[in-house]
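Following this note's numbering from start to finish, the sequence shown increments by one per residue and tops out at 1089.
Worksheet: the structure to be examined is printed underneath.
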Amino acid sequence: MLISGTPTRTIRRLDDAVEIIDQTRLPYEWTLKRLVTLGDAAEAIAVMRVRGAPLIGATAAYGLVLAALEDAGDAALRTAADRLIATRPTAVNLHWAVQRMLARLLPLPLAGRVEAAWAEASAICEEDVAQNRAIGQHGLELLRAIGAKKAGPINILTHCNAGWLATVDWGTALAPIYAAAEAGLDVHVWVDETRPRNQGASLTAWELGQAGIAHRVIADNAGGHLMQHGKVDICIVGTDRVAANGDVANKIGTYLKALAAFDNGVPFYVAAPGPSIDFNLADGGEIPIEERDPEEVACIQGRAADGQVVSVRLTPAGSAAANPAFDVTPARLITGFITERGVCGAGRAALATMFADRAGVRSR
Ligand code: MRU
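Encoded structure:
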């Protein structure tokens, strides 16, 4: 992704530390943050300085490197792994990356672990970039097909942020949009604001703006109305975890968009890189759903007229709030998955065919 003309990734090694973009400061400020300890990495994931399933996985991998720099012994690495996994339960990428790091490091002699940890975390990042680039190319063909059948812009609705900021580079749901823009297609994106954390309004809108892609932010409740009036050609969303039967956990509110898309005959695609697919879970009912602090619902952050970034309270003092952070969209509402291996249907058989090497193999 080009930021002010410079190719930039969301996470990188900086000597014996890791540098991230503090996403809690966007779109108001561009703030880079150094993670030096395991605790820094765990905190960055928990408070969502980094977020988005693939980037959480990459950060956790680097978190284990930082842990290994302090103590690369078996017990310390296992404790660090448990601490990282506990930060956010829904995105399987976190669990996947941590297990992959342990599987690489624990068989090694102590002396070789730190260098191997840097290499493995870097490999996880490079693979993420390649997967997302491929998702972009496969999704581009879907958008081309829509563009060939209509005049005017291809209207895409997306929820939350499954863009560059949610990954190491390119994004998942936004990758086809970046590829389409590069290919010269006329695209326009409806950006769900995505309460309570507003990842759409603050992150997706910012990202698309950086890339010069036409977009409009809409209230979360507007999508159904737009679909009823023929203003959405396709929905593309990301995912935190896909169960073996094709049920999808993604940011809260995704399910409602899928229902509206189904009712209006609008194709609903989920961009799903391999590490987001959990063949260990039979269906979406088994996916753990993160409950976050109700204060995220009761309050909202924004920039005041004097330029200060402030949080203000929306709800009456006596009203309790609840904050389930993800929901599960049943496979029957999903038109298909855009994966790095190609586009497939959203059922158990289609997924098992596309990932024949992984389906039926228990990985933990
Ligand atoms: O709570 P977040 O911001 O981490 O949630 C992010 C999402 O729901 C994304 O859609 C998902 O992680 C896919 S990111 C490529």
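All C-beta atoms, glycine included, are put in the ideal place defined by N, C-alpha and C.
Cβ neighbour criterion (16 or more within 10 Å) applied to P901: The residue is buried, with at least 16 neighbouring Cβ atoms inside 10 Å.
Heavy atom of the ligand MRU within 7 Å of K982 beta-carbon: no
DSSP state of F1080 mapped onto helix, strand, coil: coil
T735 CB to nearest heavy atom of the ligand MRU below 7 Å: no
When N880, H913 and V995 are compared against G955, the one with the closest alpha-carbon: Among N880, H913 and V995, the Cα nearest to that of G955 is on N880.
heavy atom of the ligand SAH below 7 Å from A778 C-beta: The ligand SAH is absent from the structure shown, which contains only the ligand MRU.
Proximity to L882 [Cα-Cα], best of A1084, N946, A1074 and T1040: The shortest Cα separation from L882 among A1084, N946, A1074 and T1040 belongs to N946.
Buried or exposed by the 16-neighbour rule on C-beta atoms within 10 Å, applied to R759: exposed
For L882, the first and last residue of its enclosing beta strand (DSSP E): Taken as a continuous stretch (DSSP letters only), the beta strand (DSSP E) holding L882 covers I879 to T883.
Q935 CB to nearest heavy atom of the ligand MRU below 7 Å: no
Backbone secondary structure at E754 - three-state DSSP: coil
For H940: DSSP bridge partner residues: V914
Buried or exposed (CB count within 10 angstroms, at least 16 for buried), L899: buried
Distance CB(N857)-CB(W895) smaller than 8 Å: yes
Cβ-based burial, E918 [other Cβ within 10 Å; buried from 16]: Burial call: buried.
Cβ-heavy atom distance, C885 to the ligand MRU, below 7 Å: yes
The region 1027 to 1036 / the region 1046 to 1063 touching (three or more Cβ pairs under 8 Å): no
Inter-residue CB distance, I849 and A805 (contact presumed, cutoff 8 Å): Actually they do not touch by this definition, with Cβ atoms about 16 Å apart.
Alpha-carbon spacing of L791 relative to G888, whole angstroms: 26 Å
Classification of Q953 by the beta-carbon crowding that lies within 10 angstroms, buried from 16 upward: exposed
Environment of D911 [buried if 16+ CB atoms lie within 10 Å]: Per the 10 Å Cβ criterion, exposed.
Contact the region 961 to 973 vs the region 1070 to 1085: 3+ CB pairs below 8 Å: yes
D965 beta carbon near the ligand MRU (any heavy atom closer than 7 Å): yes
Supposed contact pair H884 and T979 - C-beta distance, whole angstroms, cut 8 Å: Confirmed, Cβ separation roughly 5 Å.
S847: first and last residue of the uninterrupted alpha helix (DSSP H) it sits in: R838 to A873
Residue from A797, I860 and R813 with nearest C-alpha to P834: A797
Proximity of M826 and E845 at Cβ, strictly below 8 Å: yes
Secondary structure of G788, DSSP reduced to three states: Looking at G788 - three-state DSSP - the assignment turns out to be helix.
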